[in-house]
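Undergrad:
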Amino acid sequence: MRSQFVRIAGSVAVIAGVAALPPAALAQWEPTKTVEFIIPAGTGGGADQMARTAQAIIAKHGLMKQSMVVVNKAGGAGAEGFLDVKGAQGDPHKIIITLSNLFTTPLATGVPFNWRDLTPVKMLALDQFVLWTNASKPYKSAKEYIAAAKAAGGKFKMAGTGAKQEDQIITAAIEQLTGAKFIYIPFRGGGDVAVQLVGNHADSTVNNPIEAVAHWRGGKLKPLCVFDPKRMPYKAKVTDTMSWADIPTCKEGGLDVDYLMLRGIFMPGGVTPDQVKYYVELFRKVQATPEWKDLMERGAFNQTSLEGKEYADWVAREEARHVQLMKAAKFIAGQ
Amino acid sequence: MDEIQSLLQGFAIVLTLKNVALMFTGIVLGVIIGVLPGLGGANGVAILLPLTFSMAQAPGGTTSAIILLSCIYWGALFGGAITSILFNIPGEPWSVATTFDGYPLAQKGRAGEALTAAFTSSFVGALVAVIVITFLSPIVAGFALEFGPPEFFSVYLLTFCAFIGMSKEPPFKTLATMMLGFALAAVGTDPVTGTLRLTFGSTHLLTGFDFLIAVIGLFGIGEILLTLEEGLAFKGAQAKMNMKVVIETWKELPKYWLTSIRSSVVGCFMGIVPGGATPASFMSYGVARRFSKDGDKFGTGMVEGVVAPETAAHAAGTAALLPMLTLGVPGSPTAAVLLGGLLIWGLQPGPLLFVEQKDFVWGLIASMYLGNIVGLIVVLTCVPLFAAILRVPFSVIAPIIIVICAIGAYTVHNSIFDVWMMLVFGVAGYVFKKLQYPLAPLVLAIVLGDRAESSFRQAMLISQGDMTVFFSNSLVGSLTGLALFLLFWPLLSLLLARLRARY
Amino acid sequence: MSESGGGKPAFRVRAAEAVVAAVFFALGAIVIFDSARLGFGWREDGPQPGYFPFYIGAIICVSALINFGLALAVAGEKNGVFVEAGQLKLVLAVLVPSAVYVGLIGWIGIYVASAAFVAFFMRWLGKYVWWKVAAVSIGNSVVFFLIFEVWFKIPLPKGPLEAVLRLN
Chain Z
22 MRSQFVRIAG
32 SVAVIAGVAA
42 LPPAALAQWE
52 PTKTVEFIIP
62 AGTGGGADQM
72 ARTAQAIIAK
82 HGLMKQSMVV
92 VNKAGGAGAE
102 GFLDVKGAQG
112 DPHKIIITLS
122 NLFTTPLATG
132 VPFNWRDLTP
142 VKMLALDQFV
152 LWTNASKPYK
162 SAKEYIAAAK
172 AAGGKFKMAG
182 TGAKQEDQII
192 TAAIEQLTGA
202 KFIYIPFRGG
212 GDVAVQLVGN
222 HADSTVNNPI
232 EAVAHWRGGK
242 LKPLCVFDPK
252 RMPYKAKVTD
262 TMSWADIPTC
272 KEGGLDVDYL
282 MLRGIFMPGG
292 VTPDQVKYYV
302 ELFRKVQATP
312 EWKDLMERGA
322 FNQTSLEGKE
332 YADWVAREEA
342 RHVQLMKAAK
352 FIAGQ
Chain X
607 MDEIQSLLQG
617 FAIVLTLKNV
627 ALMFTGIVLG
637 VIIGVLPGLG
647 GANGVAILLP
657 LTFSMAQAPG
667 GTTSAIILLS
677 CIYWGALFGG
687 AITSILFNIP
697 GEPWSVATTF
707 DGYPLAQKGR
717 AGEALTAAFT
727 SSFVGALVAV
737 IVITFLSPIV
747 AGFALEFGPP
757 EFFSVYLLTF
767 CAFIGMSKEP
777 PFKTLATMML
787 GFALAAVGTD
797 PVTGTLRLTF
807 GSTHLLTGFD
817 FLIAVIGLFG
827 IGEILLTLEE
837 GLAFKGAQAK
847 MNMKVVIETW
857 KELPKYWLTS
867 IRSSVVGCFM
877 GIVPGGATPA
887 SFMSYGVARR
897 FSKDGDKFGT
907 GMVEGVVAPE
917 TAAHAAGTAA
927 LLPMLTLGVP
937 GSPTAAVLLG
947 GLLIWGLQPG
957 PLLFVEQKDF
967 VWGLIASMYL
977 GNIVGLIVVL
987 TCVPLFAAIL
997 RVPFSVIAPI
1007 IIVICAIGAY
1017 TVHNSIFDVW
1027 MMLVFGVAGY
1037 VFKKLQYPLA
1047 PLVLAIVLGD
1057 RAESSFRQAM
1067 LISQGDMTVF
1077 FSNSLVGSLT
1087 GLALFLLFWP
1097 LLSLLLARLR
1107 ARY
Chain E
261 MSESGGGKPA
271 FRVRAAEAVV
281 AAVFFALGAI
291 VIFDSARLGF
301 GWREDGPQPG
311 YFPFYIGAII
321 CVSALINFGL
331 ALAVAGEKNG
341 VFVEAGQLKL
351 VLAVLVPSAV
361 YVGLIGWIGI
371 YVASAAFVAF
381 FMRWLGKYVW
391 WKVAAVSIGN
401 SVVFFLIFEV
411 WFKIPLPKGP
421 LEAVLRLN
C-alpha cells in the first residue's frame, strides 16, 4: 500500500502549494486506483497478446503509478466486454482494447451497443490479413488460387476464426468480388485455424501474420497476398527467401479486397477530455518502447496510429464499411 | 541418443539456485491457485505473465520465466485435487472426476490416502508424458495434424461413450440430466453461425453457463446442504494425520499399475491431439471403471478411482505443451496463456522452435522433470496439513467454503448473477442427489457439449451434410467405431446377462 | 442430527419427484421454444443452430414425462420421506443466510459480506465467543483480500467500507 501513502502525501503537498502551481499542473488527471484493461476476446488471441504486452511494458517502465489488471470478457463474441464498458459510464479507470468485433458483434447478434457508447482514445495499430494456402499446393498467386476455387465449384474450404467476424467477412468480400464460392468453416482461435490448414483439412485461410508465421517459416504454409492496399514494410527475411515486404498485395494480384483490423483503445462514455488525454499519452509512451516495436515487427502490423477526431472519423468510416459488407453478405441479425 | 545429451544440457541450464528457487515459488503459487476455484491455472499464469516480461530479457531469462510459469501450471494441476477430495469442490475442471471416489474416501476417514494417491498418480502421469515429449516429440507432434473436425468429434464421442456406460441410476433420470447439461452448454453464442441461442435477450446469459459455476454449485454447495441434513459435522474428521499414511499408500499403489498405464496412454493421447485434460480425466475414469474388477464399486471410495483420473489429467496437461510448442496450438486455456507468454518474450512456437531455441526447449523439458519432482515433494509433505483441515469445526469451515465458492463463481465472468446461479445449482445438486439424478453426466455434457457440437457441425460443413465423414478414413473410422462399441457394449452385456438370468 | 431421526416429514419422495420432473419439463419446453425460433432443420450443409437444442429439449421433455409418470406410480409404502422437517430447517438455516449473503455482495462488497456471513455462522450455529468470531471472520476476509486484490490483482466487488479506506 505504499503508493497509497505516496499519493496521500502528494495530495497534501498539492493542497499546500496550490497558489504556487500553474493551473496546467492541477488539471493533469491521473488514475487514482487500479485500472481495468478489458479484452473482449479469449486468452491467447491477438488482442490478448497485445493488451498483455502493453500491460507488461507499462509495468516494466513504470509508466503508470497505479497498477493495471487485464480482464478477459469474451462471452457472446465480445459483447460481454463491450456491455461492461458501456455500463461503466464516466468511469475513467476502465479501458478496452477492440478488434473488429466492435462492429461485427452488434450487427451479427443484435446486442444493443455501438462504438458511439464508448469514447475513442487511440488506435494502436492495424492488424494485417494474409491469404494462406498449404505449401504443397500448386498455386503461385492469388489469381491462380481464385481460379482454382471457381473451377472447384464451391467445394473449396476456407477456415477462419469465429462466425460472422473478420475472417468470414473477408471471405464473403472475396466471394462477392470474384464469384468464387467457399465453404467457410469457423474455428475457435487463429492457432487452430493455421493448424487445420497445415493438416490439409482446409484449402485456405486469412490468418493474421502472427498466427501463421511459424508454419510459414517451417515451410508448411505459403502466403499468396496481403489484404492491405500497400505492401507490408518489414524487409527482414522471415524465411530463407522471403520477407513480409515480398508478399504482394491482393490488389496487385488482381483480387481487389482490402481489410485491416482495428487494434485500438476505447474508454467508457462520459469521461472528461483530461482523462482521455492521460491514456493517449500513456499509450504514446508505450509505443515508443523497443518492446512494442518488437511486437509490431514480429506480428507484421500496419503501424497506423490515430488519435482524437481522426481516430473517431476512421472508426465511423469503418463502421459504415462493415454495415455495407455485412449487409451484402447477409450477416446482419434479423436480416 | 541425441535426446539424452540434449536433456542433460537442459538440466545443466535449469539447475541453478535461482531456477530451483523459482520452481518452489511456482509450485507453491500453483497449488494455491489450484485449491481456490476463483483462481484458475489460466488466470494465475496470465496474471504473472507481465512479471516475467522483464525477467525474460536477461540472458537465459526466457528459461527462468517459463520455469516459473510452467511450475505454476504443475502446481495448479496438483492443487486441483485437494479440495475435490476434502470437500467435493473441484478447484479446477480436470479434478471433477477426482471427486467421484476421492470425496467418498475422505468421508471414510481416508483423506490422507486419497490425497497421496492423487498426488502420486499426478506425478506418474506427468512423468510418462514428459518421457513421451523427450523421446517421441518429432513423431507425435505430426499426429495432431491428422485431426480435423470429424476426428475431434469422434474423440469427444469416445470420451462420452467411455464415461457413460452402465449407470446405476434410473436411465431416464440419467438421460434427463445429461440432456440438461447439453442444453446448458448450448446457451450463449452459436459457434457456427454466431447467432445467440437460449439467451432470451438477457445479457447475463450471453456468456452461457460456465462449467465451473455448475460444478461449484452442484458439487460444493450441494454437498454442504447434504452434509447439513446429517448434522453439523463433516465426516472423515478422524483422518490419519502423519506422514506414515504416505508410505502406506505407496505400498498399495503398485497394485494399480495397469490402470496407471492405461490412464497415462489416454492422457498423453488427449493431450497431444489436443482434446484437453478435463475430457481425459473423464475418459480415463470411465475406462478404469469398465475394466477394473471392482468396477461396480467405483464411486464408493476406491483408490483406483482416484488414480485413473489424476494420472490422465496430469499426463494430458503435460502432453498438451507439445502441440503448443511445435504447432502453436494450445491444448488447454492455461497452455493458451503460456503460448501468449512465449510470443511476448519473442519466441515463436512452431516446428522450428526445437531447432532454433534448443536451450529454451530442453531447459523447459528438463524443468518439467524437476518441477514435477519438486511439486510432488511439496504437496506430499503437506498431506497431513491438508487432511487436518477436516478437523476444523463445521460451523467455521462451512461458511468459509461457501465464501470460497462464491468468489470462485464470481470470478468466472465477474458477475454476481453467476453467484446466484451457483446457489441455484447448489439446491439442484442437493435435490438431484437425493432423488438419484446422477450429476456426472450433466457435468460432462456441459464440458463437452459445445465443443462436440461445433466439431460435428464443422464436419458437416466440410462434408456438406454427409454423415459418412465419420468413417471416411482409418483414424476417424476406428475412433468412431470404438466409441460406438463402448456405448453399446454395456447394453449388449446387460441384455446377455438378463437373458442368462431368465433362462 | 439424532433428534430429528424420526421427525415428521416435510416432503415425501413422490411429491419431490413430481416437482423435479415438472421443472425438467418446463426447462425442456423453454429450450424447444427458442430452438423453434432459431430453426431446427437440417439444411444441405448440416444442422441449423436450433437443431441440437431442439432435440435436446425434446428428450428432456419426454424423459421428464416418464419420470413424472414413474413418480406418480410410487406406491404408498414406498413413498418414503424426502426430507424431514428438522432436516429441512437445518438446510434452510444455511440456504437462507447464503442467499442473503449473495444479495449483500452487490451492496457492501464481497469482503464485508463474507466477514458478516462467517461471523453470523460461527455465532449462531457454533456459539463461539465473540473474540473468536471476530478474529476468524475478519481474518478470513483480510486473507482473501490479500490473495485476490493485492497479490493476484483480481478485482472482486467492493463496497462503501473499501471506498472509505481507499482500498479500491
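Residue numbers (the working numbering), protein chains in the order written: chain Z, 22 to 356; chain X, 607 to 1109; chain E, 261 to 428. Even for Gly, the Cβ is constructed at its ideal location relative to N, Cα and C. Since the structure is predicted, the reported quantities are computational estimates derived from the model, not experimental observations.
1. Say whether chain E places a C-beta atom closer than 8 Å to the C-beta of L1067 of chain X.
2. Applying the 10 Å Cβ sphere with the 16-neighbour rule, what's the burial state of W700 of chain X?
3. Is the Cβ of K413 of chain E closer than 8 Å to any Cβ of chain Z?
4. Classify M144 of chain Z as helix, strand or coil using the three-state DSSP reduction.
5. If you compare alpha carbons, which of X:Y975, X:V761, X:E910 and X:V793 is closest to T705 of chain X?
6. Give a yes or no on contact between the region 265 to 277 of chain Z and the region 80 to 96 of chain Z, applying the rule of three or more CB pairs nearer than 8 Å.
7. How about I1022 of chain X: is its Cβ closer than 7 Å to a heavy atom in the ligand FAD?
8. Ordered along the chain, which non-local residues of its own chain (more than five positions away) have a Cβ less than 7 Å from that of L1054 of chain X?
9. From the beta carbon of Q1064 of chain X, is the nearest beta carbon of chain Z less than 8 Å away?
10. Exposed or buried, P244 of chain Z, counting other C-beta atoms within 10 Å across all chains shown (16 or more means buried)?
11. State the beta-bridge partners of M282 of chain Z as determined by DSSP.
12. For chain E, check one thing: does any of its Cβ atoms lie closer than 8 Å to the Cβ of L42 of chain Z?
13. Under 8 Å between beta-carbons, which chain Z residues line up against G814 of chain X? List them in chain order, please.
14. Using the beta-carbon of each residue, which ones in chain E are nearer than 9 Å to T55 of chain Z?
15. Can you grab the Cα-Cα spacing for the pair R1108 of chain X / L1102 of chain X, in whole Å?
16. Got a sec, what are the start and stop residues for the beta strand (DSSP E) P744 of chain X sits in?
17. Which residue's Cα is closest to the Cα of E422 of chain E: E:I368, E:A333, E:W391 and E:V396?
18. Quick one: is F1094 of chain X buried, meaning 16 or more other Cβ sit within 10 Å of its Cβ, or exposed?
19. Just the chain Z side, please: which residues come within less than 7 Å of L583 of chain X by C-beta, in chain order?
20. Mark A627 of chain X as exposed unless 16 or more other C-beta atoms lie within 10 angstroms of its C-beta, in which case mark it buried.
21. Would you say T809 of chain X faces chain Z, with C-beta separation under 8 Å as the test?
22. Using DSSP with H/G/I as helix, E/B as strand and the rest coil, what is E344 of chain E?
23. Within a Cβ cutoff of 7 Å, which residues of the same chain sit near I878 of chain X, ignoring the five residues on either side of it in sequence?
24. Using beta carbons (cut-off 8 Å, strictly below), is A423 of chain E in contact with chain X?
25. On the three-pair Cβ rule with 8 Å, is the region 109 to 116 of chain Z touching the region 276 to 290 of chain Z?
26. Hey, could you find the ends of the beta strand (DSSP E) P244 of chain Z is sitting in?
27. By Cβ distance below 8 Å, which residues in the same chain neighbour T805 of chain X in space, the five residues on each side in sequence not counted?
28. Specify, as a first and last residue, the run of the alpha helix (DSSP H) that G934 of chain X falls within.
29. If you follow the beta strand (DSSP E) that I231 of chain Z is part of, which residue opens it and which one closes it?
30. Taking Cβ-Cβ distances below 7 Å as the criterion, which residues of the region 262 to 295 of chain E are in contact with chain X?
31. Just to make sure I have the definition right: I need the residues of chain Z whose C-beta is within less than 8 Å of the C-beta of Q954 of chain X. Which are they?
32. Can you pull the chain E neighbours of L1029 of chain X, defined as C-beta to C-beta under 7 Å?
33. Are the CB atoms of F412 of chain E and G650 of chain X nearer to each other than 8 Å?
34. Listing by chain order, which chain E residues have their CB less than 8 Å from the CB of S326 of chain Z?
35. Where does I206 of chain Z sit, in a helix, a strand or coil, going by DSSP?
36. Less than 8 Å between CB atoms is the rule here; does F659 of chain X satisfy it with respect to chain Z?
TA: Per the coordinate set shown:
1. Look at L1067 of chain X: its C-beta is under 8 Å from a C-beta on chain E.
2. Here W700 of chain X is buried, its C-beta having at least 16 other C-beta atoms within 10 Å.
3. Yes, K413 of chain E lies at the interface with chain Z (some Cβ there is under 8 Å from its Cβ).
4. If DSSP states are grouped into helix, strand and coil, M144 of chain Z belongs with the strands.
5. Looking at X:Y975, X:V761, X:E910 and X:V793, the one whose alpha-carbon comes closest to that of T705 of chain X is X:E910.
6. Touching, no, given that fewer than three Cβ pairs across the two stretches are closer than 8 Å.
7. The ligand FAD is not part of the structure shown, which contains no ligands of any sort.
8. Within the same chain, L1054 of chain X has close Cβ partners Y762, T765, F766 and P885.
9. Interface residue, yes.
10. Within 10 angstroms of the beta-carbon of P244 of chain Z lie 16 or more other beta-carbons, which makes it buried.
11. BP columns for M282 of chain Z point to Z:D148.
12. Residue confidence is low: L42 of chain Z scores 43 on pLDDT, short of 50, so the model does not pin down where it sits. Its coordinate-derived value is still stated next. No, L42 of chain Z does not count as interfacial toward chain E.
13. Chain Z residues near G814 of chain X: G96.
14. Correct list: E409, K413, P415 and N428.
15. Roughly 10 Å separates the two Cα atoms.
16. For P744 of chain X, there is no enclosing beta strand (DSSP E); the residue is part of the alpha helix (DSSP H) that begins and ends at A717 to F749.
17. Its Cα nearest to that of E422 of chain E, the residue E:I368 stands out among E:I368, E:A333, E:W391 and E:V396.
18. By the Cβ-count criterion, F1094 of chain X is exposed, with fewer than 16 other Cβ atoms from all chains shown falling within 10 Å of its own Cβ.
19. Outside the modelled stretch of chain X, which goes from 607 to 1109, sits residue 583 of chain X, for which no answer is possible.
20. Answer is exposed; the Cβ neighbour count stays below 16.
21. Yes, T809 of chain X counts as interfacial toward chain Z.
22. Residue state, collapsed to three classes: strand.
23. Counting only residues of its own chain and dropping the five nearest sequence neighbours on each side, I878 of chain X has a CB closer than 7 Å to the CB of V746, F749, A750, A925, L928 and P929.
24. Contact of A423 of chain E with chain X is not assigned, every C-beta pair being separated by 8 Å or more.
25. The region 109 to 116 of chain Z, when compared against the region 276 to 290 of chain Z, does touch it at the 8 Å Cβ threshold.
26. From DSSP, the beta strand (DSSP E) with P244 of chain Z extends over L242 to V247.
27. Around T805 of chain X: V793, G794, L811 and L812.
28. For G934 of chain X, no alpha helix (DSSP H) segment is defined, and its DSSP state is neither H nor E.
29. In the DSSP assignment, I231 of chain Z falls outside any beta strand (DSSP E) and within the unbroken alpha helix (DSSP H) covering P230 to R238.
30. Look at the region 262 to 295 of chain E: the residues with a C-beta under 7 Å from a C-beta of chain X are A276, E277, V280, F284, L287, V291 and D294.
31. The answer, in chain order, is V234, A235, R238 and R319.
32. Going along chain E in sequence order, the residues near L1029 of chain X (Cβ under 7 Å) are S358, A359 and V362.
33. With contacts defined by Cβ atoms closer than 8 Å, F412 of chain E and G650 of chain X form a contacting pair.
34. The contacting residues do not exist; S326 of chain Z stays about 28 Å from chain E at best.
35. It is a strand residue.
36. Yes, F659 of chain X counts as interfacial toward chain Z.
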